[in-house]
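If you're matching positions, the sequence shown starts at 1162 in this note's numbering and goes up one per residue.
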Amino acid sequence: MAFSVDTNHQLLASKFLPPCHGPKLHAFKDQDVPIKWKGTLGNPSDRGSECQSYVFKVEIQSQTYALKVFKFFPPCDASSLIGPIRGESVKEEDMAFHTDPFYAECRAYGCIKEAYKTRQPKTPYVADCYGFLALTEIDRNYLIEQGIDLCQGIEPDDPYRVIAERSPVRALVKEYVEGDSSLDQQVAEKIRRGILFMNKIGILIRDVRLDNYVGGVLVDLGSSWTEPHCILDNAAEHLLREWRWTDRVMFDDMLEEEGILPIVPGMPNTRYLERLRPRT
């Protein structure tokens, strides 16, 4: 699939995204309706070139939501992660649909909703998502007036930027979760259980840090990898083993940074890990 302005408009007009193999998220039920912008959410200092998106408190059809608006990202090169030989087997469109933060969240939420059909946690581990949305030109102009550049970090003469600036602005309509990012043992245990749940259903969060949680509820999945995933399917075994521990390592690092003693650590103790190693 060659990504173009027309292609991007067709994608955002779909009923489900992304169109590749694997889990998909449905479109938001209220398309092309007025959005009342109520202000930004999150830390204003996170608006640098490294941020993936901007989150706003909005009102749509008299309902309050958190609207996550995504920046545009050129498809990354698979070979930088899994090597030039294995990278050649990864299609550019799969890499885009699996690693672009917008599509990454679509796939993760599609997987979560499928898992909830058979097993839904008593308390939510992740903020709910009600679907994807293409913003209107009125809303795009509002963002420009707020000084938001969704192509930030992409050179002006980059062909991808030319396409992005004429493509629809992509957003997810999410549950508006009130609270703060404070951490104690009870919240830590909720986060730990959420990590285990997500990993079990085939999602690697890959960005476990306190800023991505509100009251122990995960609100950001832009860096996630959801199986089946083109990188995981083509990576060497030693990389897979390392990546599958990423969330739990980050969880323990987060608790150590916050000075919290966990009820149960994310990582097994070293004696347990020794038992997992093959005997020679």
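Even glycine gets a Cβ: it sits at the ideal position worked out from N, Cα and C.
Below 8 angstroms on the Cβ atoms is my guess for Ser1214 versus Gly1383; work out the distance and round it to an integer in Å.
-> 6 angstroms
For Leu1296, the three-state DSSP class (helix, strand or coil) = coil
Could you confirm whether any beta carbon from chain C is found closer than 9 angstroms to the beta carbon of Asp1318?
-> Annotation note: the requested chain C is absent from the structure, which comprises a single protein chain.
Reduced DSSP secondary structure (H/G/I, E/B, other) of Lys1335 | Looking at Lys1335 - three-state DSSP - the assignment turns out to be strand.
Quick one: what does DSSP say Thr1284 is sitting in, helix, strand or coil?
-> coil
Between Ile1324, His1399, His1390, which lies nearest to Thr1168 when the distance is taken from Cα to Cα?
-> Ile1324
Kindly list the residues whose CB is nearer than 8 angstroms to the CB of Ile1243, restricted to its own chain and excluding five residues on each side of it in sequence; keep chain order.
-> Val1251, Ile1392, Asn1395, Ala1396, Ala1397, Leu1400
Span of the alpha helix (DSSP H) holding Ala1257?
-> 1253-1260
Thinking just about the alpha-carbon of each residue, which of His1187, Arg1409, Asp1372 is nearest to the one in Phe1358?
-> Arg1409
Count the C-beta pairs between the segment 1274-1287 and the segment 1310-1327 that are closer than 8 angstroms, then say yes if the count reaches three, no if not.
-> no
Using a threshold of 9 angstroms, state whether the C-beta atoms of Phe1177 and Gly1271 are closer than that.
-> Taking the C-beta atoms as reference points, Gly1271 is found nearer than 9 angstroms to Phe1177.
Beta-carbon gap between Thr1387 and Pro1195 smaller than 9 angstroms = In this structure, Thr1387 sits away from Pro1195, with a CB-CB distance that is not shorter than 9 angstroms.
With a threshold of 16 other CB atoms inside 10 Å of the CB of Val1287, please say whether the residue is buried or exposed.
-> buried
Can you check the segment 1306-1335 for any alpha helix (DSSP H) of at least 4 residues that lies completely inside it and give the ranges in chain order?
-> 1320-1325
Using alpha carbons as the reference points, say which of Lys1283, Glu1419, Glu1298, Ala1265 lies closest to Gly1355.
-> Nearest in C-alpha terms to Gly1355, of all of Lys1283, Glu1419, Glu1298, Ala1265, is Lys1283.
Pick helix, strand or coil for Thr1225, following the three-state DSSP scheme.
-> Thr1225 falls in the strand class under three-state DSSP.
Return the residue from the list Leu1304, Glu1266, Ile1305, Asp1413 that minimises the CA-CA distance to Gly1292.
-> Glu1266
Indicate the three-state DSSP secondary structure (helix, strand or coil) for Gly1355 in the structure shown.
-> helix
Can you round the beta-carbon distance between Arg1353 and Pro1423 to whole angstroms, since I take them to be within the 8 angstroms contact cut?
-> 7 angstroms
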